[in-house]
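Q:
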Amino acid sequence: MNKPVLLTVDDDPGVSRAVARDLRRRYGEGHRVVRASSGQEAIEALKELKLRGEQVAAMLADYRMPEMNGIEFLEQAMDLFPRARRALLTAYADTDAAIQAINLVDVDHYLLKPWDPPEEKLYPVVDALIETWRASGESAVDEIKIVGHRWSAPTFAARDFLARNAVPYRYYSIDDPEGRRLLDAAAADPAEIPVVITTDGRPLLAPSDAEIAAAVGLTVDPATDFYDLIVVGGGPAGLGSAVYGASEGLRTVLVERQAAGGQAGQSSRIENYLGFPDGVSGSQLTDRARRQAVKFGAEMLTARDVVALEVQGSARVVRFGDGSTIAAHAVILATGVSYRSLTAPGCHELTGRGVYYGSANTEAPECAGTDVYIVGGANSAGQAAVFFSRHAKSVTLVVRGESLHTSMSHYLIQQLDAIDNVHVLTGTTIGQACGDEHLESLRLDHSDGSTEFVDTGHLFIFIGAQPQTGWLDGVVLRDERGFVWTGPDLLTDGQRPPGWTLDRDPFYLESSVPGVFVAGDVRAQSVKRVASAVGEGAMAVTLVHRYLEEQ
Numbered sequence: 000m001n002k003p004v005l006l007t008v009d010d011d012p013g014v015s016r017a018v019a020r021d022l023r024r025r026y027g028e029g030h031r032v033v034r035a036s037s038g039q040e041a042i043e044a045l046k047e048l049k050l051r052g053e054q055v056a057a058m059l060a061d062y063r064m065p066e067m068n069g070i071e072f073l074e075q076a077m078d079l080f081p082r083a084r085r086a087l088l089t090a091y092a093d094t095d096a097a098i099q100a101i102n103l104v105d106v107d108h109y110l111l112k113p114w115d116p117p118e119e120k121l122y123p124v125v126d127a128l129i130e131t132w133r134a135s136g137e138s139a140v141d142e143i144k145i146v147g148h149r150w151s152a153p154t155f156a157a158r159d160f161l162a163r164n165a166v167p168y169r170y171y172s173i174d175d176p177e178g179r180r181l182l183d184a185a186a187a188d189p190a191e192i193p194v195v196i197t198t199d200g201r202p203l204l205a206p207s208d209a210e211i212a213a214a215v216g217l218t219v220d221p222a223t224d225f226y227d228l229i230v231v232g233g234g235p236a237g238l239g240s241a242v243y244g245a246s247e248g249l250r251t252v253l254v255e256r257q258a259a260g261g262q263a264g265q266s267s268r269i270e271n272y273l274g275f276p277d278g279v280s281g282s283q284l285t286d287r288a289r290r291q292a293v294k295f296g297a298e299m300l301t302a303r304d305v306v307a308l309e310v311q312g313s314a315r316v317v318r319f320g321d322g323s324t325i326a327a328h329a330v331i332l333a334t335g336v337s338y339r340s341l342t343a344p345g346c347h348e349l350t351g352r353g354v355y356y357g358s359a360n361t362e363a364p365e366c367a368g369t370d371v372y373i374v375g376g377a378n379s380a381g382q383a384a385v386f387f388s389r390h391a392k393s394v395t396l397v398v399r400g401e402s403l404h405t406s407m408s409h410y411l412i413q414q415l416d417a418i419d420n421v422h423v424l425t426g427t428t429i430g431q432a433c434g435d436e437h438l439e440s441l442r443l444d445h446s447d448g449s450t451e452f453v454d455t456g457h458l459f460i461f462i463g464a465q466p467q468t469g470w471l472d473g474v475v476l477r478d479e480r481g482f483v484w485t486g487p488d489l490l491t492d493g494q495r496p497p498g499w500t501l502d503r504d505p506f507y508l509e510s511s512v513p514g515v516f517v518a519g520d521v522r523a524q525s526v527k528r529v530a531s532a533v534g535e536g537a538m539a540v541t542l543v544h545r546y547l548e549e550q
């Protein structure tokens, strides 16, 4: 952690050097002394310190300076560091002005120049300033900082991206004084939120996920252009493939569009995964898997959007959204599925502003004491209901079907029954999401034809399973919903798929393109469970080895 700063401002170089020397002699071990030769230079230094999350314990400013005198400087400095203590350096002739400043702009002390001996005239005053500042309880912030607004969809997206990638950050609202101070220090307009401030004090205005990823140290660029194995997708299947591929000696790279974990990574609690009798959160499970893959040598690329798969001789080429490519001997498609969009009026416009897809754990503190609605009848929705019940006043599960028993695990239904503030509405759909700046109410449509409006600011959606495989159109065979056919399902009356070039049938997890394998939820006819996805990821690597032996 950086030492707290003692800032001195004086346009006289001799006085500036002298006060800095005396301060370092007494306080240099526990504090950093920063000098400025003008009020404007000092303001710029304070803005930089603010963005870096550093502390300013005390400021000593000369009363008589051109362009911006000491009082004017301290007034502006208070806007950036209101808890820093303040003192004026002044000549005897300006004593009255210094006393006025104490009364008018909350200056703590004044010091007469010269202050010899400092043990009598300087240090007792600075000691008092530092002691008063310490009592204020201010602490440095060495994390990533996000400045935004609660109902800003881009702000939510940035917070969610960092949270899902396990990057610690601190959030400041532009409605709060400290948020406004950071916004001013970054010279940013409220329209440019979110402002993401890196640990070295660099502000990013309304950045993309890729820009955030690069700034916080996530890997976005591949180390080389050719690998043994490319894994597309960082959910349980992709992570399983990366762990087994790298541990078995394949030069492996995993490419993920947003964050490792996929839908499973957003699950608040997985209680039926083998080996975790007390349950484990999706983020914990996937973070362990990510670290395990990295330990074995797998590369992990984040915030890279894959837009095409190409066959170039024996190479399988993956093309990114920016036009760049990487290639490999084999590819495993593990892109999983996404939650289906809710088409009710108002839902699209209010997404990220009260309407969320997935558990959106970053919103949990905002749900305290409120009524939360969750759409969906499968395990992911039930797990979210259990999670939010610990924060919200009430949680209502909105289910289209007439019962949970056809879609949700028995153990989870029992848990929900035992939680007093969780309610289940079966035979019900969302008819409309209402609100201007953010979600304010929902229209619920019941199967008996009745409707009702309920007040809420939080709707979490967990419906359907929709593969994002449009980028594979014309490359591999898919079913009518976009899931990728593999293995025996590719054979029609014993005939291999069109364009198949090898003198054998496709392996069990192999697509209609030799060397391109599929694992997890994106595979047609797959079992939609975390355990089966991990198993398929491991099995796919075994089949990759068999494929490579043929080459």
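Last residue of the sequence shown? That's 550 in numbering that gives the first Met the number 0, and every number before it is there in order. In this text, a Cβ means the ideal position worked out from N, Cα and C, and glycines have one as well. Every value quoted in this text rests on a predicted model; they were computed, and no experiment measured them.
Is it a yes or a no for the stretch 195-206 touching the stretch 291-311, going by three-plus beta-carbon pairs under 8 angstroms?
A: Counting Cβ pairs under 8 angstroms, fewer than three are found: no touch.
Q: Sorted by chain position, which residues of the same chain lie with C-beta nearer than 7 angstroms to Ala222's C-beta, five sequence neighbours on each side aside?
A: Once the five neighbours on either side are set aside, the close Cβ partners of Ala222 are Glu298.
Q: Can you tell me whether Asp21 is buried or exposed? The criterion is at least 16 other CB atoms within 10 Å of its CB, across all chains shown.
A: Burial call: buried.
Q: Within the continuous beta strand (DSSP E) that includes Ile462, where are the two ends?
A: Ile462 -> no beta strand (DSSP E), and no H or E assigned at all.
Q: Tell me the rounded alpha-carbon separation between His437 and Gly456.
A: Rounded to the nearest angstrom, the two C-alpha atoms are 7 angstroms apart.
Q: At what residue ranges does the stretch 30-103 contain a whole run of the alpha helix (DSSP H), taking only runs of 4 or more?
A: The stretch 30-103 contains these whole alpha helix (DSSP H) runs: 38-50, 69-79 and 94-103.
Q: Please report whether the beta-carbon of Val18 lies at a distance below 8 angstroms from any beta-carbon of chain C.
A: Annotation note: the requested chain C is absent from the structure, which comprises a single protein chain.
Q: Report yes or no: do three or more beta-carbon pairs, one from the stretch 322-336 and one from the stretch 273-293, lie closer than 8 angstroms?
A: With the cut-off at 8 angstroms, the stretch 322-336 and the stretch 273-293 do not touch.
Q: Per DSSP, Leu308 is paired with what?
A: Paired residue(s): Val317.
Q: Going by alpha carbons, who is nearest to Arg399 out of Leu110, Leu341, Glu439 and Cys346?
A: Nearest C-alpha to Arg399: Leu341.
Q: What's the gap between the Cα of Leu508 and the Cα of Arg528?
A: Rounded to the nearest angstrom, the two C-alpha atoms are 16 angstroms apart.
Q: If the criterion is Cβ atoms closer than 8 angstroms, does the pair Ile349 and Ala292 meet it?
A: For the sequence presented, residue 349 should be read as Leu rather than Ile. No.
Q: Which residues share a DSSP beta bridge with Gly147?
A: The partner list for Gly147 (beta bridge, DSSP) reads Ser172.
Q: According to DSSP, is Ser446 helix, strand or coil?
A: In the structure shown, Ser446 sits in coil (DSSP, three-state: anything other than H, G, I, E or B).
Q: Buried or exposed: where does Thr251 fall if 16 or more other Cβ atoms within 10 Å of its Cβ makes it buried?
A: Buried: at least 16 other Cβ atoms inside 10 Å.
Q: Helix or strand or just coil, what does DSSP make of Asp21?
A: If DSSP states are grouped into helix, strand and coil, Asp21 belongs with the helices.
Q: Could you check the C-alpha separation between Arg545 and Gly278 for me, to the nearest Å?
A: Their Cα atoms are separated by approximately 35 angstroms.
Q: To which residues of the same chain is His445 closer than 7 angstroms at the C-beta, ignoring the five residues directly before and after it?
A: Answer for His445: Gly426 and Thr427, listed in chain order.
Q: What residues match up with Tyr338 in a beta bridge as DSSP calls it?
A: Bridge partners of Tyr338: none, in fact.
Q: On the premise that Lys392 lies in contact with Asn420, defined as a C-beta separation below 8 angstroms, what is that separation, rounded to the nearest angstrom?
A: Contact flag correct, Cβ pair sits at about 7 angstroms.
Q: Apart from the five residues on each side of it in sequence, which residues of its chain come closer than 7 angstroms, Cβ to Cβ, to Ala530?
A: Tyr272 and Leu273.
Q: Would you identify the three-state DSSP class for Ile418, choosing helix, strand or coil?
A: Ile418: coil per DSSP, three-state reduction.
Q: Three or more C-beta pairs under 8 angstroms: does that hold for the stretch 178-187 against the stretch 142-156?
A: Flag = yes, the stretch 178-187 and the stretch 142-156 touch.
Q: Within the continuous beta strand (DSSP E) that includes Met515, where are the two ends?
A: The identity of residue 515 in the sequence shown is Val, whereas the question assumes Met. From DSSP, the beta strand (DSSP E) with Val515 extends over Val515 to Val517.
Q: Please report the straight-line C-alpha distance between Pro123 and Gly29, rounded to a whole angstrom.
A: Spanning the two alpha carbons is a distance of roughly 16 angstroms.
Q: For a quick check, are the C-beta atoms of Pro193 and Pro153 less than 8 angstroms apart?
A: Contact flag set, yes.
Q: State buried or exposed for Pro497, treating a residue as buried only when at least 16 other CB atoms are found within 10 Å of its CB.
A: Burial call: exposed.
Q: Classify Glu43 as buried or exposed, calling it buried when 16 or more other Cβ atoms lie within 10 Å of its own Cβ.
A: When all chains shown are included, Glu43 counts as exposed.
Q: Return the first residue and the last residue of the beta strand (DSSP E) that Ser393 is part of.
A: Run containing Ser393: Ser393 to Val397, per the beta strand (DSSP E) assignment.
Q: Excluding the 5 residues preceding and the 5 following Pro235 in the sequence, name in chain order all residues of the same chain whose CB lies nearer than 6 angstroms to its CB.
A: Excluding residues within five positions, the ones whose Cβ falls inside 6 angstroms are Ala263, Val529, Ala532 and Val533.
Q: If you compare alpha carbons, which of Gly481, Val195 and Ala307 is closest to Ile143?
A: Taking only the C-alpha atoms, the option nearest Ile143 is Val195.
Q: Under 8 angstroms, do Thr89 and Tyr109 count as touching if we go by C-beta distance?
A: Yes, the pair counts as a contact, with Cβ atoms nearer than the cut-off.
Q: Please go through the same chain and pick out, in chain order, the residues whose beta-carbon is closer than 8 angstroms to the beta-carbon of Val483, but skip the five residues on each side of it.
A: Leu332, Pro466, Thr468, Leu471, Val475, Leu476, Arg477, Ser510, Val517, Val521, Arg522 and Ala523.
Q: What are the boundary residues of the alpha helix (DSSP H) that includes Asp208?
A: First-last of the alpha helix (DSSP H) with Asp208: Asp208 to Ala214.
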